[in-house]
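K.L.:
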Amino acid sequence: MEEENGDEFIIPRTEKENVDEFFIIPKIENPPICKCFLSDNSDLTQSVSEEIQIPERKEQVLSTVSRTENYLRERRIPELIRFLFTQVISHAPHKPLAFLEKLLDDCMLFRAGLGVAPVLYETRHLEAVIRSFDPGQRGWLSAGKVRRLYTTLGFTSEENHDDRIYCDELLNNLIRVQEQDLFQLLAAGISKPE
Numbered sequence: 001m002e003e004e005n006g007d008e009f010i011i012p013r014t015e016k017e018n019v020d021e022f023f024i025i026p027k028i029e030n031p032p033i034c035k036c037f038l039s040d041n042s043d044l045t046q047s048v049s050e051e052i053q054i055p056e057r058k059e060q061v062l063s064t065v066s067r068t069e070n071y072l073r074e075r076r077i078p079e080l081i082r083f084l085f086t087q088v089i090s091h092a093p094h095k096p097l098a099f100l101e102k103l104l105d106d107c108m109l110f111r112a113g114l115g116v117a118p119v120l121y122e123t124r125h126l127e128a129v130i131r132s133f134d135p136g137q138r139g140w141l142s143a144g145k146v147r148r149l150y151t152t153l154g155f156t157s158e159e160n161h162d163d164r165i166y167c168d169e170l171l172n173n174l175i176r177v178q179e180q181d182l183f184q185l186l187a188a189g190i191s192k193p194e
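Structure, rendered in C-alpha cells:
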C-alpha cells in the first residue's frame, strides 16, 4: 500500500525493517588471538615442567607460618580463647584479669582431675533449655528436638538417640557431654604416654 503525501509517496515499512533499523549492530572484527595459542606451545610446556624456585628466606617464612598454624590447630588454641572470652562475657567480672587467672587455674585443676569443671552452662541453665524444648511438660523429647538442643548449646551430639529421651536422662547426658567437650579442649595437643 502506498500513501500519497503531497508530491511524494510513502512506502510503509514492515515491522522487521523498523526493528533492524532501530537495533544497529556494529560489525566486529575477530578479536586478536593470543600468540601463545598460535605458537607450538613448546615455551609453555617448558615453563610448566620447570620447578619454580622459591627463595630460601621465603621458604623459611612459609614453613614457620605452616608450623604455627598446625601448632594452633592441634592444641585448639582459637577454641580455647573463644571459651575464655565467652566465660568473661557471661560472668562480666569487675576484674577480668583476676577472673581469667582463676578460670585458668580451675581449668588446670579440672584437667588434672582434681577440681570441678568450669563449664559455661550450670545445671539450672541446662534445665531451662530442656524446659524450653518441652513446653508441654511431657517429660521427654524426640530425637529431632534433642539434636537441635545439642546444636543450640554448641555440644557434640551423640548419634544414638532413641525416639524418646526422658528429660532427666537428657540433663545428665548434657552435663557429661559439656564436661567431656571441655576436657578434650583443655587436653588438646598433650601427648599421651605409651
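For the sequence shown, the numbering used here assigns the number 1 to the initial residue and increments by one for each residue that follows. Ideal Cβ positions, reconstructed from N, Cα and C, are used throughout, including at glycine. Owing to the predicted nature of the structure, the values given are computational and were not obtained by experimental measurement.
According to DSSP, which residues form a beta bridge with L141?
P.N.:
In the DSSP output, where bridge partners are listed per residue, L141 has I165.
K.L.:
Are Q184 and F155 touching if we call contact CB-CB under 8 Å?
P.N.:
No; because the gap between Cβ atoms is not below 8 Å, this pair is not in contact.
K.L.:
Can you look up A112 in the DSSP assignment and give me helix, strand or coil?
P.N.:
It is coil, neither helix nor strand.
K.L.:
Please state if the CB of I130 and the CB of L170 are separated by a distance shorter than 8 Å.
P.N.:
It is a contact, given that the beta carbons lie within the stated cut-off.
K.L.:
Do C167 and G136 have their C-beta atoms closer together than 8 Å?
P.N.:
No. Outside cutoff.
K.L.:
Could you give the distance in angstroms between the alpha-carbon of A188 and the alpha-carbon of A143?
P.N.:
So the two alpha carbons sit approximately 30 Å from each other.
K.L.:
Can the beta-carbon of F99 be found less than 8 Å from the beta-carbon of L186?
P.N.:
Not closer than 8 Å, so no.
K.L.:
Can you give me the start and stop residues for the alpha helix (DSSP H) that T86 sits inside?
P.N.:
Where T86 is concerned, the enclosing alpha helix (DSSP H) stretches over I77 to H91.
K.L.:
How is E56 classed by DSSP in three states: helix, strand or coil?
P.N.:
Three-state result, E56: helix.
K.L.:
Apart from the five residues just before and just after I152, which ones in its own chain have a Cβ nearer than 8 Å to its Cβ?
P.N.:
Correcting the residue type first, residue 152 is Thr in the shown sequence and not Ile. Only V129 meet the Cβ criterion.
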